[in-house]
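In order, the protein sequences belong to chains A and B. Residues 39 to 155 in our numbering are what the first sequence spells out, letter by letter. Residues 66 to 174 in our numbering are what the second sequence spells out, letter by letter. Ideal placement from N, C-alpha and C gives every residue a C-beta, glycine not left out.
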Amino acid sequence: GAVVSQHPSWVICKSGTSVKIECRSLDFQATTMFWYRQFPKQSLMLMATSNEGSKATYEQGVEKDKFLINHASLTLSTLTVTSAHPEDSSFYICSASPGPLMNTEAFFGQGTRLTVV
Amino acid sequence: KQEVTQIPAALSVPEGENLVLNCSFTDSAIYNLQWFRQDPGKGLTSLLLIQSSQREQTSGRLNASLDKSSGRSTLYIAASQPGDSATYLCAVRTDGLTFGKGTHLIIQP
């Protein structure tokens with residue numbers, strides 16, 4: 039299947055700093071990528087939809103000024119957690135599909151474990 | 066609003082057993098349904114994708130069925146192995162993917 043690569047796999051940062059997470063589609067182009075957040079023993083919650091060349095679409099309750107998304111190319115989307123606080127500590131996962139969303143499998147990155155201290 | 070429920074939340078069985086994981090969803094207007102596997106601290110691995118027009122898909126020891134009208138899907142695992150231990154997630158595609166909370170599966174050697 040298609041490969042989605044996420045980096046870093048884990049990161050520890052100090053409260054108040056910013057952290058950037060990268061999501062790359064390695065063998066296909068993706069006009070749309072998705073960012074999810076997962077709390078322990080919980081399901082994945084969609085945070086935002088990243089659209090190449092345009093603004094991201096955020097789910098209700100997700101602060102767009104805190105979670106900055108940039109989708110500058112067809113193979114790369116980035117999520118920047120700005121002014122991170124301990125409550126932002128979580129597992130973040132990105133997803134992309136190599137074709138029309140309604141017909142194609144979704145492939146996920148390896149996830150990024152963010153710990154804010 | 067689409068809601069996805071997975072039953073059971075956890076399951077522990079001896080190696081070799083056949084087992085069934087259940088997934089139900091409230092809005093039948095879906096494009097497709099996908100089953101994933103997640104190992105602890107890892108991302109998601111796609112197992113099977115069933116389009117809304119399909120009834121089932123098979124991959125090796127895995128078979129997934131879909132009854133869209135009743136809002137149900139099952140994942141059948143044959144001859145379970147310890148390596149099958151993981152959390153299994155069901156997700157339905159409408160505008161985005163809506164996930165269930167998963168079934169935490171342990172296969173005892």
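So, residue i versus residue j, is the Cβ gap smaller than 7 Å?
i, j, result
"S130/B", "I95/B", "no"
"V41/A", "A134/A", "no"
"L170/B", "S150/B", "yes"
"G147/A", "C51/A", "no"
"Q67/B", "T159/B", "yes"
"S77/B", "R137/B", "no"
"L84/A", "Y96/A", "no"
"Q103/B", "L154/B", "yes"
"G165/B", "V85/B", "no"
"G108/B", "I131/A", "yes"
Which partner residues of residue i appear in the DSSP bridge assignment?
i, result
"A129/B", "Q122/B and L140/B"
"H169/B", "A75/B and T152/B"
"T150/A", "Y130/A"
"S145/B", "S145/B is not bridged to any residue."
"Y96/A", "A86/A"
"N108/A", "T116/A"
"I95/B", "Answer by DSSP bridge pairing: none, since I95/B is not bridged."
Excluding the five sequence neighbours on either side, which residues of its own chain have a C-beta within less than 6 Å of the C-beta of residue i, listed in chain order?
i, result
"N108/A", "T116"
"A94/A", "A86, S88 and I107"
"P79/B", "Q173"
"G125/B", "none"
"N87/B", "I72 and T139"
"K79/A", "none"
"K58/A", "T116 and T118"
Please go through the same chain and pick out, in chain order, the residues whose beta-carbon is closer than 8 Å to the beta-carbon of residue i, but skip the five residues on each side of it.
i, result
"D103/A", "T120"
"Q119/B", "L131"
"S47/A", "Q148, G149, T150 and R151"
"N97/B", "L114, I115, Q116, S117, V157 and R158"
"F105/A", "W73, M85, A86, Y96, L117, T118, V119 and T120"
CB-CB under 7 Å to residue i, same chain, minus the five flanking residues each way: which ones, in chain order?
i, result
"A144/A", "S133 and S135"
"S112/A", "A quick correction: the sequence has Leu, not Ser, at residue 112/A. For L112/A, where only same-chain residues beyond five positions count, the Cβ hits under 7 Å are Q67, A68, T69 and E90."
"H123/A", "S53 and V154"
"F77/A", "S128"
"T110/B", "F101 and R102"
"S56/A", "T118, V119, T120, S121 and A122"
"E82/B", "S145"
Going by the C-beta, is residue i closer than 6 Å to any heavy atom of the ligand GTP?
i, result
"L162/B", "The ligand GTP is not part of the structure shown, which contains no ligands of any sort."
In chain order, which continuous runs of the beta strand (DSSP E) of length 3 or greater are located wholly inside the segment 43–93 of chain A? The qualifying runs are 48–51, 57–63, 70–76 and 82–89.
For the segment 157–174 of chain B, list every residue whose C-beta sits within 7 Å of some C-beta in chain A, in sequence order. Listed by position along the chain: R158, G161, L162, F164, G165, K166 and G167.
Residues of the segment 123–151 of chain B in Cβ contact with chain A at a cutoff of 9 Å, in chain order, please. For the segment 123–151 of chain B, which is checked against every Cβ of chain A, not one residue is closer than 9 Å.
To be precise: take each residue of the segment 100–132 of chain A, compare its Cβ to all Cβ atoms of chain B, and keep it if any distance is under 8 Å. Which residues remain? Those would be F129 and I131, in chain order.
Residues of the segment 96–109 of chain B whose Cβ lies closer than 8 Å to any Cβ of chain A, in chain order: From the segment 96–109 of chain B, only Y96, N97, Q99, F101, G106, K107, G108 and L109 have a Cβ closer than 8 Å to chain A.
If the cut-off is 9 Å on Cβ atoms, which residues from the segment 77–97 of chain A count as contacting chain B, listed in chain order? Contact residues of the segment 77–97 of chain A toward chain B are K79, Q80, S81, L82, M83, L84, T87 and E97 (C-beta to C-beta distance below 9 Å).
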